[in-house]
Structure formats: C-alpha cells, structure tokens
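Shown next, in structure tokens, is the structure this report addresses.
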C-alpha cells in the first residue's frame with residue numbers, strides 16, 4: 003500500500019474515534035472532556051506517527 007493511502011486511512015480512523023469520544027463526553031454529564039482529549043492525544047498521536055513511519059519504510 004502506498005503512503006498517501008495509509009495516511010488517509012489513519013486520518014479517517016483517528017477522526018472517527020475522536021468523534022466517538024467527543025460524542026460520548028458531550029452526551030454525559032461529566033466535565034472530564036479535557037482529560038479525555040489529553041488521553042486520546044497521548045495515545046493516538048504517537049501511535050499514528052509510528053504507523054505512518056512503519057508504512058513508509060522500504061520492505062526487505
């Protein structure tokens with residue numbers, strides 16, 4: 003798979019799960035939206051960068 007396709011798929015996955023997180027937090031009465039967003043960013047950003055880097059490595 004080429005790198006642009008992988009980047010598009012990773013972006014779609016991250017946006018989907020971010021939307022699910024926001025929807026759940028806004029429907030609940032919890033005031034922990036900032037904490038949830040920070041946790042999401044702490045997991046999704048390094049994971050997405052790792053997946054992007056692995057997708058761009060040449061295969062042996």
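Numbering (the working numbering), first residue to last: 3 to 62. Using N, Cα and C, we set each Cβ at its ideal position, and we do this for glycine too.
Quick one: what does DSSP say residue i is sitting in, helix, strand or coil?
i, result
"residue 26", "helix"
"residue 14", "helix"
"residue 53", "helix"
"residue 38", "helix"
From this set, the options, which residue's C-alpha is nearest residue i's C-alpha?
i, options, result
"residue 23", "46, 38 and 51", "38"
Checklist line | Inter-stretch contact at 8 Å, needing at least 3 Cβ pairs: the stretch 51-59 / the stretch 6-25 | finding: Cβ pair count under 8 Å is three or more, so yes.
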